[in-house]
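Let me begin by presenting the structure, written as structure tokens, before commenting on it.
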Amino acid sequence: MHEVSLAIEIVRTIVDAATANGALRVESAEIELGDLTCVDPETLRFAFEVARKDTVAANCVLHIHPVALVVRCAACGFEGAQSREELFCPDCEQSSLSILKGRELRVLSIEVEDLQDA
Amino acid sequence: MHEISIESDILASNEMCAQHNRQHFIEHGVYVLNLMSGPGAGKTTLLERTIDMMKDRFRIAVIEGDVQTHADADRIAAHGVPAVQINTGGACHLDARLIENVMPRFDLDALDLLIIENVGNLVCPAEFDLGEHDKVMLLSVTEGADKPLKYPVMFHVAKALLLTKVDLLPYVDFDVQSALRDARVLNLDLQVFQLSSRAQTGFEAWCEWLEGRIKRVKSLVRA
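Protein chains in written order, with numbering that gives the first Met the number 0: chain F, 0 to 117; chain Y, 0 to 222.
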């Protein structure tokens with residue numbers, strides 16, 4: 000259930016960026032969620048809908064972009080996709096993997112309306 | 000409509016606070032361990048044994064994280080080391096801010112080792128840096144050998160894995176080889192120790208490793 004903590008941080012990040020840019024209303028937000036984070040997107044969405052209340056993001060639609068796992072094999076140099084259930088190298092079957100993508104928890108951008116004159 | 004680029008980690012504010020905590024710990028020469036596992040893997044009992052073995056040579060303190068009750072801090076304090084309880088009041092993990100808040104309750108100059116016992120949970124605590132030097136996790140043989148692949152993040156971020164309750168191996172169907180193979184797939188450099196708190200086995204190697212980690216932080220302060 001750390002989705003609640005994450006949702007609060009997402010709202011804080013969105014509100015800070017909107018306020019800094021003089022926006023009165025956030026329409027939508029794009030976030031990246033890596034495959035190798037233990038975050039349930041639907042739970043995150045639900046928590047976000049609670050956390051956004053009474054902020055400039057009260058009507059903000061959350062677009063969640065999953066990021067597939069990408070690994071690099073230290074043994075044979077393979078770089079590419081692998082499923083999180085099979086964490087060994089698809090080429091040489093060694094397990095000396097480093098994770099290049101898949102641990103993302105990032106707010107990419109927001110769409111805003113009603114920019115105040117600075 | 001107007002697009003604003005943010006490109007910020009969701010956990011950035013926690014990371015910043017954690018870095019600040021870590022810097023503070025290093026300045027005072029305190030090695031900090033974040034101890035994590037599912038509920039009932041034996042974290043508190045393992046801590047009690049570890050404290051008894053090391054408290055004559057090192058100055059130890061403990062932060063206990065639980066959803067509620069002070070029972071664990073009371074158990075630790077009975078071993079003669081300072082213990083502070085954090086009750087998260089429902090939250091499933093500790094975060095860096097909670098650690099920062101209780102830091103003034105310790106005299107860091109009078110400590111060598113600070114152990115943070117996280118809330119029992121194999122999922123959420125793995126994502127939150129507290130400012131520790133190492134994350135160490137427990138897996139008890141009663142939990143089942145399938146846990147590494149079910150909870151990959153925890154096994155990926157841990158520096159060491161303590162396989163606990165190994166005295167029960169004759170009575171449970173726990174395939175040690177298979178569990179450790181999966182764990183090493185997730186984390187090639189994972190240090191593994193097999194222990195039983197009840198039978199008091201395996202503690203020499205674990206405490207020796209811990210001692211090496213404490214001395215490493217001390218040498219950073221002198222450098």
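Beta carbons: idealized from backbone N, C-alpha and C, even for Gly.
Just so you know, these numbers come straight off a predicted model, no measurement behind them.
Query: Short Cβ contact (8 Å threshold) for Y:V140 with Y:L162; Result: yes
Query: C-beta atoms of Y:A95 and Y:C16 nearer than 8 Å; Result: yes
Query: Alpha-carbon spacing of F:A74 relative to F:G101, whole angstroms; Result: 20 Å
Query: Chain-ordered chain Y contacts of F:E110 [CB-CB under 9 Å]; Result: M0, H1, E2, I3
Query: Length-filtered (4 minimum) alpha helix (DSSP H) runs lying within the stretch 67–130 of chain Y; Result: 70–76, 95–101
Query: F:A117, buried or exposed, once every other Cβ within 10 Å from all chains shown has been counted against 16; Result: Because the pLDDT at F:A117 is just 48, under 50, the model does not fix this residue reliably, and the point stays unresolved.
Query: Cβ-Cβ separation, F:T54 to Y:S7 (assumed contact under 8 Å), whole Å; Result: So it is not a contact: roughly 17 Å between Cβ atoms.
Query: For F:I13, the three-state DSSP class (helix, strand or coil); Result: helix
Query: As assigned by DSSP and simplified to three states, the class of Y:I197; Result: For the sequence presented, residue 197 of chain Y should be read as Arg rather than Ile. It is coil, neither helix nor strand.
Query: Beta-carbon proximity list for F:C91, same chain, < 8 Å, skipping 5 on both sides; Result: C72, A74, C75, F77
Query: Residue burial classification, F:N58 (beta-carbon count within 10 angstroms, cutoff 16); Result: exposed
Query: Sub-8 Å separation of Y:I115 and Y:L129 beta-carbons; Result: yes
Query: Pair within 8 Å by beta-carbon distance, Y:V125 and Y:P147; Result: For the record, residue 125 of chain Y in the displayed sequence is Ala; it is not Val. Not a contact, by the Cβ cut-off of 8 Å.
Query: Inter-stretch contact (C-beta, 8 Å, three-pair minimum) for the stretch 15–32 of chain Y and the stretch 100–109 of chain Y; Result: yes
Query: Residue-level contact to chain F via CB, Y:S232, 8 Å cutoff; Result: With chain Y running from 0 to 222 in the structure shown, residue 232 of chain Y is simply not present.
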